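The C-terminal residue of the sequence shown carries number 234 in the numbering used here, and the numbering is unbroken.
First the structure, in the form of structure tokens, and then the observations on it.
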Amino acid sequence: MPTSSKIAADISAKSYRRAEAFLSALDNDWARHIANIGPCRHAAKPEREPYQALVRAIAYQQLHARAGDAILGRMLALYADADFPSPQQLLDTEVATLRACGFSATKIATIHGIAQAALDGVIPLRATALKMHDADLIERLVTLRGVGRWTVEMLLIYTLERSDILPADDFGVREGYRRLKQLEQAPTRRQMEQIGLAWSPYRTVAAWYLWRMPKEQVQ
């Protein structure tokens with residue numbers, strides 16, 4: 016069974032060093048790239064609940080980081096008594112109020128759906144999510160409107176600190192690999208999944224390095 020279906024160990028400084036050594040030993044391309052970039056400094060946000068992470072992800076979808084920051088900031092300002100609104104608070108917030116923050120009608124429907132799913136127990140609390148297999152979380156959460164596989168993979172990487180997640184349809188990952196190997200075309204999602212099997216159990220760190228692949232490979 017693929018490693019991604021298992022509960023991977025949490026990411027730690029020691030595992031970063033093991034991952035760097037493992038990936039560097041694969042071939043000269045990986046060794047050169049990792050030496051150029053330096054130590055992995057992946058920054059997770061483990062204090063967040065899955066519900067909160069999903070709402071934040073939707074706020075940033077298809078937007079520049081600054082635009083996402085502004086919209087999210089305006090939303091958070093509505094709830095002065097909390098660091099982040101509860102699912103019920105979000106559901107009780109008027110659509111017009113959320114529109115004024117900068118959310119589109121589609122995104123409002125999505126975050127309201129996420130809030131309801133949290134109340135219904137579809138979105139597990141962090142303590143429960145930590146005990147769930149990667150594949151089980153993906154299967155459960157992609158049923159939510161507006162939540163795709165990539166969004167759940169970001170949750171697994173940044174909120175649950177899973178060490179063996181490869182977002183194979185991520186443009187940055189596929190394009191990073193193309194540059195790493197100096198290919199004419201980036202691999203497809205299916206090809207990327209097969210290629211990435213060789214990087215297990217450190218596919219999260221592999222993705223981190225591929226996201227940092229320069230436009231032109233330094234020889």
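From the three backbone atoms N, C-alpha and C, an ideal C-beta is built for every residue, glycine too.
Predicted model only: the values in this text are computed from it and were never measured.
Arg204 in three-state terms, based on DSSP: Along the sequence shown, read from residue 1 onward, the residue named residue 204 stands at position 189. Note: Arg204 maps to helix in three-state DSSP.
Take Ala201 and list the residues in its own chain whose beta-carbon comes closer than 6 Å to its own, dropping the five residues that flank it on each side. Walking along the sequence shown from the start, residue 201 turns up at place 186. Close CB contacts of Ala201 within its chain, under the 6 Å cut and outside five residues either way in sequence, are with Arg189, Glu190, Arg193 (chain order).
Quick check: Arg160 and Thr125, are their CB atoms within less than 7 Å of each other? Walking along the sequence shown from the start, residue 160 turns up at place 145. Walking along the sequence shown from the start, residue 125 turns up at place 110. In this structure, Arg160 sits near Thr125, with a CB-CB distance shorter than 7 Å.
Between which two residues does the alpha helix (DSSP H) holding Lys122 run? As a working note, residue 122 is residue 107 in the sequence shown. Lys122 -> alpha helix (DSSP H) spans 120-134.
Quick check on Pro54: does DSSP put it in helix, strand or coil? Numbered from its first residue, the sequence shown carries residue 54 at position 39. Taken through DSSP and simplified to helix, strand or coil, Pro54 comes out as coil.
Once you ignore the five residues that flank Ser20 on each side, which residues in its own chain have a CB closer than 6 Å to its CB? For the purposes of this step, residue 20 is taken as residue 5 along the sequence shown, with counting starting at 1. At Ser20 the pLDDT is 38, less than 50, meaning the model places this residue with poor confidence; the figure from the coordinates comes in the next sentence. Result list for Ser20: His148, Ala150, in chain order.
May I have a chain-ordered list of the alpha helix (DSSP H) segments no shorter than 4 residues that lie completely inside the stretch 47-109? Listed in chain order, the complete alpha helix (DSSP H) runs (minimum 4 residues) inside the stretch 47-109 are 65-75, 80-92, 102-107.
Compute the Euclidean distance between the alpha carbons of Glu199 and Gly136, then round it to the nearest angstrom. Residue 199 sits at position 184 when you count from the first residue of the sequence shown. Residue 136 sits at position 121 when you count from the first residue of the sequence shown. Just so you know, the alpha carbons of Glu199 and Gly136 end up roughly 46 Å apart.
Restricting to Cα atoms, I'd like to know which of Leu195, Leu140, Leu156 is closest to Met228. Numbered from 1 along the sequence shown, position 213 holds the residue referred to as residue 228. When only C-alpha atoms are compared, the closest one is Leu195.
Taking the continuous alpha helix (DSSP H) assigned at Trp226, which residues delimit it? Within the sequence shown, residue 226 is the residue found at index 211, counting from 1. 218-226 is the span of the alpha helix (DSSP H), which, as asked, contains Trp226.
Rank Ala222, Val167, Tyr66 by C-alpha distance to the C-alpha of Ala142 and give the top, closest one. What you label residue 142 is simply residue 127 of the sequence shown in a count that begins at 1. Ranking the options by Cα distance to Ala142, first place goes to Tyr66.
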